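All remarks here apply to the structure that follows.
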Amino acid sequence: AIERTLSIIKPDAVAKNAIGDIISRFEKAGLKVVAAKMVHLSEEKAGGFYAEHKERPFFKDLVGFMTSGPVVVQVLEGEGAIAKNRDLMGATNPKEAAPGTIRADFAETIDANAVHGSDSPESAEREISYFFGNDEICPR
Ligand code: CMP
Numbered sequence: 002a003i004e005r006t007l008s009i010i011k012p013d014a015v016a017k018n019a020i021g022d023i024i025s026r027f028e029k030a031g032l033k034v035v036a037a038k039m040v041h042l043s044e045e046k047a048g049g050f051y052a053e054h055k056e057r058p059f060f061k062d063l064v065g066f067m068t069s070g071p072v073v074v075q076v077l078e079g080e081g082a083i084a085k086n087r088d089l090m091g092a093t094n095p096k097e098a099a100p101g102t103i104r105a106d107f108a109e110t111i112d113a114n115a116v117h118g119s120d121s122p123e124s125a126e127r128e129i130s131y132f133f134g135n136d137e138i139c140p141r
């Protein structure tokens, strides 16, 4: 089925000037960017996004990292977009990410791991509406 998923290019990848390389991988895999913006997240916005991790020991570092510089938030659309994006990203920990994946090629640590992608249809729906209004998404 045609799905939508939320992708975030994290501060480490933006700082490496890798925005274009990463979006190019999405496009080459058949995903379409139907919404995009660059934002410097506040602590409140980043903490709310990762609310499900609030009790985890890494929460504070995660929010600190995600607010350390601008990010690029996008909605990607395509056949099986959620799983396709996760395949392109590779494992959460770059040290475990398969060769040729975004995290293997651009990321160094589990915090600075280059990209985020929705992990299920339910989180995709929540995450997309957390960042974008309907009038900011451009079907194409
Ligand atoms: P992301 O897909 O953005 O979702 C939560 C983030 O927390 C994850 O990527 C990692 O960057 C970060 N993180 C840090 N430590 C851990 C951990 N032990 N397990 C999962 N995620 C972690």
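Take the position in the sequence shown, starting the count at 1, then add 1; the result is the number in UniProt numbering. Here a beta-carbon is modelled for each residue, glycine too, at the ideal position from N, C-alpha and C. On a predicted model such as this, the values are computed, not experimentally measured, just so you know.
Using the beta-carbon count (16 or more within 10 Å), is residue i buried or exposed?
{"i": "V40", "result": "exposed"}
{"i": "R104", "result": "buried"}
{"i": "S25", "result": "exposed"}
{"i": "S119", "result": "buried"}
{"i": "D136", "result": "exposed"}
{"i": "P95", "result": "buried"}
{"i": "A14", "result": "buried"}
{"i": "residue 149", "result": "Past the edges of the chain, shown from 2 to 141, lies residue 149, and the structure says nothing about it."}
{"i": "P58", "result": "exposed"}
For residue i and residue j, I'd like the C-alpha separation in whole angstroms.
{"i": "G31", "j": "D22", "result": "15 Å"}
{"i": "K46", "j": "G65", "result": "12 Å"}
{"i": "T110", "j": "A84", "result": "22 Å"}
{"i": "T102", "j": "D88", "result": "7 Å"}
{"i": "A98", "j": "I10", "result": "17 Å"}
{"i": "P100", "j": "T93", "result": "13 Å"}
{"i": "E78", "j": "P122", "result": "12 Å"}
{"i": "T68", "j": "S43", "result": "6 Å"}
{"i": "E128", "j": "I138", "result": "13 Å"}
{"i": "P12", "j": "E56", "result": "23 Å"}
Candidates the options: which alpha carbon is nearest residue i's?
{"i": "L7", "options": "L63, V73, N94", "result": "V73"}
{"i": "V116", "options": "D106, E78, E4, E56", "result": "D106"}
{"i": "P71", "options": "I20, D120, E128", "result": "I20"}
{"i": "G49", "options": "S130, P140, I138", "result": "S130"}
{"i": "E28", "options": "I138, E56, L63, N86", "result": "N86"}
Here's a check: name, in chain order, each residue in its chain whose Cβ is nearer than 7 Å to the Cβ of residue i, leaving out the five neighbours to either side.
{"i": "F133", "result": "A36, V76"}
{"i": "A82", "result": "E4, R5, T6, L32"}
{"i": "R141", "result": "K33, V35"}
{"i": "K38", "result": "V74"}
{"i": "L63", "result": "Y51, H54, D112"}
{"i": "M90", "result": "T102, I103, R104, V116, G118"}
Leaving out the 5 sequence neighbours to the left and right, which residues in its chain are closer than 6 Å to residue i when beta-carbon positions are compared?
{"i": "F60", "result": "H54"}
{"i": "A108", "result": "P95, N114, A115"}
For residue i, which residues in the same chain have their Cβ closer than 8 Å to its Cβ, ignoring the five residues on either side in sequence?
{"i": "N18", "result": "none"}
{"i": "E80", "result": "A2, I3, E4, G31"}
{"i": "A16", "result": "G70"}
In chain order, what are the residue ranges of uninterrupted alpha helix (DSSP H) at least 4 long that sit wholly in the region 102-137? 103-107, 122-132
Taking the runs of the alpha helix (DSSP H) that are 4 residues or longer, which of them lie wholly in the region 41-91? 44-50, 60-67, 82-90
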